[in-house]
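Peer 1:
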């Protein structure tokens, strides 16, 4: 799934994971009632859609992400793109 790609049915993702609405939506900062509206067809804002993708599709634990880590990754990517690509490739293979 690409960044900012439309998530057509979050209910399907939630059910595949075996989560109830509260558990699924609370992990991305959305109330159960708000999540229910998205599952019923209401358009999800891009930030919510990306959080759903990161947390429930990419399985990224947002509690472990620190601002410094993002800054270091951006710095590495800009100053040594070859090393960044190599490290990224190695990380994906694990």
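Numbering (UniProt numbering), first residue to last: 1 to 94.
Note that the Cβ used here is the ideal one computed from N, Cα and C, for glycine as well.
Since we're looking at a predicted model, the values are computed, not measured.
Whole-angstrom Cβ separation of residue 13 and residue 59, contact assumed at under 8 Å?
Peer 2: The Cβ separation is near 12 Å, so there is no contact.
Peer 1: For residue 1, does the three-state DSSP call read helix, strand or coil?
Peer 2: Caution applies to residue 1, whose pLDDT of 49 falls short of 50 and renders its modelled position unreliable; the value that the coordinates give is listed next. If DSSP states are grouped into helix, strand and coil, residue 1 belongs with coil.
Peer 1: In the DSSP assignment, find the unbroken alpha helix (DSSP H) run with residue 60 in it and report its ends.
Peer 2: Taken as a continuous stretch (DSSP letters only), residue 60 belongs to no alpha helix (DSSP H), as it is neither H nor E.
Peer 1: With a CB to CB cut of under 8 Å and the five nearest residues on each side skipped, what residues in its chain are close to residue 9?
Peer 2: For residue 9, where only same-chain residues beyond five positions count, the Cβ hits under 8 Å are 39.
Peer 1: For residue 26 and residue 15, what's the separation of their Cα atoms in angstroms?
Peer 2: Whole-angstrom Cα-Cα distance: 15 Å.
Peer 1: Would you list, in sequence order, the uninterrupted alpha helix (DSSP H) runs of no fewer than 4 residues that lie entirely inside the region 42 to 88?
Peer 2: The qualifying runs are 46 to 52 and 67 to 79.
Peer 1: According to the neighbour-count rule (16 or more other Cβ atoms, all chains shown, within 10 Å of its Cβ), is residue 92 buried or exposed?
Peer 2: Residue 92 should be labelled exposed.
Peer 1: Would the region 43 to 57 and the region 16 to 35 be scored as touching if the rule is three or more Cβ pairs under 8 Å?
Peer 2: At 8 Å Cβ cutoff, the stretches touch.
Peer 1: In terms of residues, what are the limits of the alpha helix (DSSP H) holding residue 19?
Peer 2: Run containing residue 19: none; DSSP gives neither H nor E here.
Peer 1: Suppose you measure from the CA of residue 37 to the CA of residue 68; what does that come to, to the nearest Å?
Peer 2: Cα to Cα, residue 37 sits roughly 35 Å from residue 68.
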